[in-house]
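Participant:
Numbering (our numbering), first residue to last: 0 to 91.
#1: Beta-carbon within less than 8 Å of residue 34's beta-carbon, same chain only, minus the 5 sequence neighbours each way: which residues are those?
#2: For residue 85 and residue 30, what's the separation of their Cα atoms in angstroms?
#3: Just to confirm, is the Cβ distance from residue 138 to residue 5 under 8 Å?
#4: If residue 70 sits next to residue 54, beta carbons under 8 Å apart, how far is it from one beta carbon to the other, in whole angstroms?
#5: Helix, strand or coil: which one does DSSP assign to residue 58?
#6: From residue 22 to residue 11, what distance separates their C-alpha atoms?
#7: Can you tell me which of the three DSSP states residue 2 falls into?
#8: Are the beta-carbon atoms belonging to residue 72 and residue 56 less than 8 Å from one another?
#9: So, under 8 Å CB-CB, residue 26 and residue 19 are touching, yes? Tell me the CB distance rounded to an integer number of Å.
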């Protein structure tokens, strides 16, 4: 697990500014480089802004690691939590 840093204002502008989006994607790539050096296979951008910003990427790969769209991951987690609660009363 590793925090990726960025400015909220930059994320907001990157949704509409292709050049800024490209720079933010490159910065994200640089920030996850230590994970790639450790041999991770999958990266899931967490947090609202990175997750939303990269949600439209298709076949997003960085150095051999797949960058998953975090939105379906979160939705599936929520569905699983509901199923577990119905199955055995699990609350969290």
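Built from N, CA and C at the ideal position, the CB exists for glycine as well.
Facilitator: Result, derived from the coordinates:
#1: In the chain shown, counting from the first residue as 1, residue 34 sits at position 35. For residue 34, where only same-chain residues beyond five positions count, the Cβ hits under 8 Å are 1, 42, 64.
#2: What you label residue 85 is simply residue 86 of the chain shown in a count that begins at 1. What you label residue 30 is simply residue 31 of the chain shown in a count that begins at 1. Rounded to the nearest angstrom, the two C-alpha atoms are 40 Å apart.
#3: Residue 138 is absent from the model: the chain starts at 0 and stops at 91.
#4: Taking the first residue of the chain shown as 1, we reach residue 70 at position 71. Taking the first residue of the chain shown as 1, we reach residue 54 at position 55. Right, their Cβ atoms sit about 5 Å apart.
#5: Along the chain shown, read from residue 1 onward, the residue named residue 58 stands at position 59. DSSP places residue 58 in coil when its eight states are reduced to three.
#6: Position 23 of the chain shown, counted from the first residue, corresponds to residue 22. Position 12 of the chain shown, counted from the first residue, corresponds to residue 11. Rounded to whole angstroms, residue 22 to residue 11 spans 13 Å at the Cα level.
#7: Residue numbering aside, residue 2 sits at position 3 when the chain shown is read from its first letter. Reduced to three states, the DSSP call for residue 2 is coil.
#8: Translated into positions along the chain shown, residue 72 becomes position 73. Translated into positions along the chain shown, residue 56 becomes position 57. The answer is no: Cβ separation not under 8 Å.
#9: Here the question's residue 26 lines up with position 27 in the chain shown. Here the question's residue 19 lines up with position 20 in the chain shown. Actually they are not in contact, since the Cβ atoms of residue 26 and residue 19 sit about 10 Å apart, beyond 8 Å.
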